[in-house]
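Trainee: The structure's right below; bear with me while I get my questions together.
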Amino acid sequence: MSTPHSQIAAAFLRRKAAWSPLEAGLWGLALAAAFLFPSQQLLLSEIAILALFALSLDLIVGYAGILSLGHAAFFGIGAYTAGLFSLHVSAEPLAGLAASAVVAGLLGLATSFLVLRGSDLTRLMTTFGVSMLLAEGANQAAWLTGGADGLSGILLGPIAGTFDFDLWGRTGYLYSLAVLFILLLVARRIVHSPFGLSLKAIKRNSRRAAMLGIAPNRRIVVIYTISALYAGMAGALLTQTTSFVSPDVLAFHRSADVLLVLVLGGVGYLYGGIIGAVIFTLLRAWLSVVTPQYWMFWIGLILVALVVIGRDRLDPARAIALVRSRLLGRPAAKPVPLSEDGR
Amino acid sequence: MTPALETQMLVKRFGGLIVTNEVSLSVRPGARHALIGPNGAGKTTLINLLTGALTPSGGRILLSGEDITATTPFERVRRGIARTFQINQLFNDLTPLESVMLAVGERLGHGNRLFRPLAADRAVSEEAAALLERFRLADVMCLPTRDLPYGKQRLLEIALAIALEPKVLLLDEPAAGVPEEDRHEVLAIVRALPADVTVLLIEHDMDLVFSFADRISVLAAGRLFAEGTVEEISGDPEVKAIYLGDAA
Numbered sequence: 001m002s003t004p005h006s007q008i009a010a011a012f013l014r015r016k017a018a019w020s021p022l023e024a025g026l027w028g029l030a031l032a033a034a035f036l037f038p039s040q041q042l043l044l045s046e047i048a049i050l051a052l053f054a055l056s057l058d059l060i061v062g063y064a065g066i067l068s069l070g071h072a073a074f075f076g077i078g079a080y081t082a083g084l085f086s087l088h089v090s091a092e093p094l095a096g097l098a099a100s101a102v103v104a105g106l107l108g109l110a111t112s113f114l115v116l117r118g119s120d121l122t123r124l125m126t127t128f129g130v131s132m133l134l135a136e137g138a139n140q141a142a143w144l145t146g147g148a149d150g151l152s153g154i155l156l157g158p159i160a161g162t163f164d165f166d167l168w169g170r171t172g173y174l175y176s177l178a179v180l181f182i183l184l185l186v187a188r189r190i191v192h193s194p195f196g197l198s199l200k201a202i203k204r205n206s207r208r209a210a211m212l213g214i215a216p217n218r219r220i221v222v223i224y225t226i227s228a229l230y231a232g233m234a235g236a237l238l239t240q241t242t243s244f245v246s247p248d249v250l251a252f253h254r255s256a257d258v259l260l261v262l263v264l265g266g267v268g269y270l271y272g273g274i275i276g277a278v279i280f281t282l283l284r285a286w287l288s289v290v291t292p293q294y295w296m297f298w299i300g301l302i303l304v305a306l307v308v309i310g311r312d313r314l315d316p317a318r319a320i321a322l323v324r325s326r327l328l329g330r331p332a333a334k335p336v337p338l339s340e341d342g343r
Numbered sequence: 001m002t003p004a005l006e007t008q009m010l011v012k013r014f015g016g017l018i019v020t021n022e023v024s025l026s027v028r029p030g031a032r033h034a035l036i037g038p039n040g041a042g043k044t045t046l047i048n049l050l051t052g053a054l055t056p057s058g059g060r061i062l063l064s065g066e067d068i069t070a071t072t073p074f075e076r077v078r079r080g081i082a083r084t085f086q087i088n089q090l091f092n093d094l095t096p097l098e099s100v101m102l103a104v105g106e107r108l109g110h111g112n113r114l115f116r117p118l119a120a121d122r123a124v125s126e127e128a129a130a131l132l133e134r135f136r137l138a139d140v141m142c143l144p145t146r147d148l149p150y151g152k153q154r155l156l157e158i159a160l161a162i163a164l165e166p167k168v169l170l171l172d173e174p175a176a177g178v179p180e181e182d183r184h185e186v187l188a189i190v191r192a193l194p195a196d197v198t199v200l201l202i203e204h205d206m207d208l209v210f211s212f213a214d215r216i217s218v219l220a221a222g223r224l225f226a227e228g229t230v231e232e233i234s235g236d237p238e239v240k241a242i243y244l245g246d247a248a
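Residue numbers (the working numbering), protein chains in the order written: chain F, 1 to 343; chain Z, 1 to 248.
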């Protein structure tokens with residue numbers, strides 16, 4: 001039998017996991033962009049791919065509290081797998097995407113054991129190390145990867161045998177957007193599950209989590225593997241929409257960029273990677289036209305400003321609460337009873 | 001009768017410092033057992049040894065007669081040891097509802113479910129809501145934990161442990177830092193704990209100890225100094241000298 005309180009609880013949980021109009025609007029805009037900006041489809045694809053890559057990083061940084069400076073390892077291995085798959089196995093993109101997911105996921109599983117122990121610093125170093133190993137490996141194994149020249153001559157068939165890639169990149173964008181959307185739905189499901197809740201608990205207070213009987217290692221291995229799988233698919237999308245792979249997919253700057261994207265957009269709510277990718281890519285595109293040589297300077301300045309000011313203060317609701325508390329000299333948040341029958 | 005919780009010659013050394021010195025403690029099932037002692041007597045170290053946060057240098061720990069000395073903290077929780085913390089260890093930006101659901105869900109083994117929404121887990125949310133109601137937290141269960149008054153946070157601290165349905169509950173100063181006007185609420189909850197749960201209470205507050213415990217052990221300088229009923233301990237001049245004397 002359900003009591004009023006359990007009904008309140010159920011309603012609260014549903015509300016928390018429900019879609020907001022803002023979310024729906026964002027996806028509507030993303031879809032409309034495919035038709036509103038016919039000449040910008042390549043840029044839009046780039047945004048969608050970077051967003052997926054950042055989403056994958058958010059799963060481990062924002063939910064499990066694991067910092068990585070080598071996330072390009074999974075992106076890169078996914079990119080190479082998709083390239084090699086299309087050259088040697090099948091030109092069908094979805095099959096290539098699946099192959100990349102599997103290979104990147106296996107690499108994630110194998111290297112997840114390196115991030116179980118140690119501090120943030122050791123994790124930064126081990127993830128960085130793994131990505132460097134892979135980058136050098138891809139560079140040396142020229143017989144397989146084409147070395148520094150990369151893999152070229154990648155020709156892709158129509159997606160699922162139906163949708164041909166067009167010259168302007170609209171198919172490529174819609175394909176990338178669809179993959180991003182589906183993977184976001186899956187990620188959404190995961191973070192709102194009991195498993196997702198246990199990750200939040202481990203990240204916020206590992207001591208208490210242990211005293212609730214949560215053995216963290218297995219949970220971290222699972223989410224790290226899922227995150228690697230996502231990154232691998234992002235890499236596959238890059239190969240498939242550009243028909244080219246070079247060692248650049250494993251380069252250090254990719255790991256750094258994606259972390260920056262996540263900082264720009266905010267961690268721990270899934271949309272940070274998407275918003276960050278939009279800001280980062282548009283800013284880069286704009287700045288590289290305005291000041292081609294110094295665009296990194298401006299990105300750097302914005303990043304520093306963001307950290308100094310603090311994103312919280314950029315959030316309108318919080319800013320209002322903060323100003324109010326300063327003016328009235330009262331704490332910004334006070335507990336408010338949700339129901340009258342509580343006491 | 002097999003004790004619910006037992007230590008045999010338990011020793012913990014940090015370098016040359018002996019913090020726990022051959023402690024043999026026996027807590028019978030269903031007991032309200034208090035562990036008292038002056039600051040630095042090794043009470044918290046003993047709790048950490050019991051929960052597995054620290055590894056003993058010697059001796060054994062038995063839970064219902066089974067040796068758990070070598071098991072991990074998580075394994076001990078699954079076997080029925082739960083604890084509360086002297087200083088709140090809560091999930092500040094989760095709500096009490098989510099926190100308790102986490103504890104209930106882990107007990108039932110739902111924590112590995114990746115794709116079932118938390119909201120669909122009605123069995124867990126109903127149990128959590130009922131528990132929160134019992135702990136007088138129902139009216140604040142959907143607020144971030146950090147926004148709760150301190151007294152309510154202390155109640156949540158206990159609720160999280162009770163949600164695990166432990167056989168043995170280690171209460172580390174449950175009323176510590178609670179403002180006077182909220183104390184009775186915490187104490188009422190502590191007194192109303194289920195009778196079949198064995199409670200080991202670590203406490204400074206003598207009013208609470210004497211009104212709650214049916215047996216008291218006194219720890220001093222890492223050793224078990226005395227043990228007995230409330231009357232025996234409160235009447236023991238030596239205990240008074242080392243402990244009650246400087247507290248009164």
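Yeah, the Cβ is synthetic: ideal placement off N, Cα and C, and Gly gets one too.
Only a predicted model underlies this, so the values are computations on that prediction, with no experimental measurement involved.
Scan the stretch 153 to 177 of chain F for residues whose Cβ lies nearer than 9 Å to a Cβ of chain Z and list them as they occur along the chain.
Mentor: Cβ contacts with chain Z: none found.
Trainee: Can you give me the Cβ contacts of F/Pro337 inside the same chain, cut-off strictly under 7 Å, excluding the 5 residues immediately before and after it?
Mentor: Here F/Pro337 scores only 39 on pLDDT, less than 50, and its place in the model is too uncertain to base an answer on.
Trainee: My parser needs the alpha helix (DSSP H) runs of 4 or more residues fully inside the stretch 144 to 195 of chain F; what are they?
Mentor: For the stretch 144 to 195 of chain F, whole alpha helix (DSSP H) runs of length 4 or above, ordered along the chain, are 170 to 191.
Trainee: Just to confirm, is the Cβ distance from F/Leu55 to F/Ala187 under 8 Å?
Mentor: In this structure, F/Ala187 lies closer than 8 Å to F/Leu55 by Cβ.
Trainee: Please classify F/Gln293 as buried or exposed, where buried requires at least 16 other C-beta atoms within 10 Å of its C-beta.
Mentor: Counting Cβ neighbours within 10 Å, F/Gln293 comes out exposed, since fewer than 16 surround it.
Trainee: Pull up the distance between the alpha-carbon of Z/Phe115 and that of F/Leu185, whole angstroms please.
Mentor: Cα to Cα, the separation comes out at about 11 Å.
Trainee: Which first and last residues belong to the beta strand (DSSP E) in which Z/Met9 is found?
Mentor: Where Z/Met9 is concerned, the enclosing beta strand (DSSP E) stretches over 5 to 14.
Trainee: With three or more C-beta pairs closer than 8 Å as the rule, is the stretch 34 to 50 of chain Z touching the stretch 203 to 219 of chain Z?
Mentor: With the cut-off at 8 Å, the stretch 203 to 219 of chain Z and the stretch 34 to 50 of chain Z touch.
Trainee: Short of 8 Å Cβ to Cβ, which residues in the stretch 6 to 18 of chain F face chain Z?
Mentor: Listed by position along the chain: Ser6, Ile8, Ala9, Ala10, Phe12, Leu13, Arg14, Lys16, Ala17.
Trainee: Report, in whole angstroms, the separation of the C-beta atoms of F/Ala72 and F/Leu250, which I expect to be a contact under 8 Å.
Mentor: With a Cβ gap of about 5 Å, F/Ala72 and F/Leu250 count as contacting.
Trainee: Measuring straight from C-alpha to C-alpha, what distance separates Z/Glu227 and Z/Ser234?
Mentor: One C-alpha to the other measures close to 11 Å.
Trainee: Under 7 Å Cβ-Cβ, which residues of chain Z neighbour F/Ala64?
Mentor: The premise fails here: F/Ala64 is roughly 13 Å from chain Z at the closest Cβ pair, so nothing lies under 7 Å.
Trainee: In the structure shown, what three-state DSSP assignment does F/Phe74 receive?
Mentor: In the structure shown, F/Phe74 sits in a helix (DSSP, three-state: H, G or I).
Trainee: Terminal residues of the continuous beta strand (DSSP E) containing Z/Leu21?
Mentor: In the sequence as presented, Leu is not what sits at residue 21 of chain Z; that position holds Asn. Counting along the chain, the beta strand (DSSP E) containing Z/Asn21 begins and ends at 17 to 23.
Trainee: Following the continuous beta strand (DSSP E) through Z/Asp172, name the residue where it begins and the one where it ends.
Mentor: Taken as a continuous stretch (DSSP letters only), the beta strand (DSSP E) holding Z/Asp172 covers 168 to 172.
Trainee: Just verifying my parser: in three-state terms, what is the DSSP assignment at F/Leu301?
Mentor: The answer is helix: DSSP assigns F/Leu301 an H, G or I state.
Trainee: For Z/Ser105 versus F/Pro194, is the C-beta spacing smaller than 8 Å?
Mentor: Strictly speaking, residue 105 of chain Z in this sequence is Gly, with Ser absent from that position. Yes.
Trainee: Starting from Z/Leu224, trace the beta strand (DSSP E) both ways and give me its first and last residue.
Mentor: 223 to 228 is the extent of the beta strand (DSSP E) around Z/Leu224.
Trainee: Mind listing the chain F neighbours of Z/Val77? Cutoff is C-beta to C-beta under 9 Å, in chain order.
Mentor: Here the neighbours are Ala210, Met211, Leu212, Gly213, Ile214.
Trainee: In terms of residue numbering, what span does the beta strand (DSSP E) encompassing Z/His33 cover?
Mentor: Where Z/His33 is concerned, the enclosing beta strand (DSSP E) stretches over 32 to 36.
Trainee: Can you tell me whether DSSP reads Z/Ala192 as helix, strand or coil?
Mentor: DSSP places Z/Ala192 in coil when its eight states are reduced to three.
Trainee: Given Z/Ala123, which residues of its chain have a CB within under 8 Å of its CB, disregarding the five upstream and five downstream residues?
Mentor: Within the same chain, Z/Ala123 has close Cβ partners Leu108.
Trainee: How big is the Cα-Cα spacing for Z/Glu92 and Z/Gln86?
Mentor: Residue identity differs from the one stated: residue 92 of chain Z is Asn in this sequence, not Glu. Whole-angstrom Cα-Cα distance: 16 Å.
Trainee: I'd like to check one pair, Z/Ala163 with Z/Ala103: are the Cβ atoms closer than 8 Å?
Mentor: Against a cut-off of 8 Å, the Cβ pair of Z/Ala163 and Z/Ala103 comes out as a contact.
Trainee: Counting C-beta neighbours from all protein chains within 10 Å, is the total for F/Met233 16 or more, i.e. buried, or is it exposed?
Mentor: F/Met233 comes out buried.
Trainee: List the residues of chain Z that F/Ser227 touches, going by C-beta distances under 7 Å, in chain order.
Mentor: None at all; the shortest Cβ gap to chain Z is about 13 Å.
Trainee: When you compare only the Cα positions, how much space is there between F/Glu340 and F/Ser119?
Mentor: Here F/Glu340 scores only 36 on pLDDT, less than 50, and its place in the model is too uncertain to base an answer on.
Trainee: Could you tell me which residues DSSP puts in a beta bridge with Z/Gly40?
Mentor: Answer is none; Z/Gly40 lacks a bridge partner.
Trainee: Anything in the stretch 185 to 211 of chain F with a Cβ closer than 7 Å to a Cβ of chain Z? List those residues in chain order, please.
Mentor: Here the close residues are Arg189, Ile190, His192, Ser193, Pro194, Phe195, Leu197, Ser198, Lys200, Ala201, Arg204, Asn205, Arg207, Arg208, Ala210, Met211.
Trainee: In chain order, which beta strand (DSSP E) runs of at least 3 residues are fully inside the stretch 100 to 175 of chain Z?
Mentor: Qualifying beta strand (DSSP E) stretches, in chain order: 168 to 172.
Trainee: Thinking C-beta only, is F/Gly78 closer than 8 Å to F/Ser100?
Mentor: Yes; because the gap between Cβ atoms is below 8 Å, this pair is in contact.
Trainee: Given a threshold of 16 other Cβ atoms within 10 Å of its Cβ, counted over all protein chains shown, does F/Asn205 qualify as buried or as exposed?
Mentor: When all chains shown are included, F/Asn205 counts as buried.
Trainee: Using the C-alpha atoms, what's the distance from F/Leu109 back to Z/Phe135?
Mentor: Whole-angstrom Cα-Cα distance: 42 Å.
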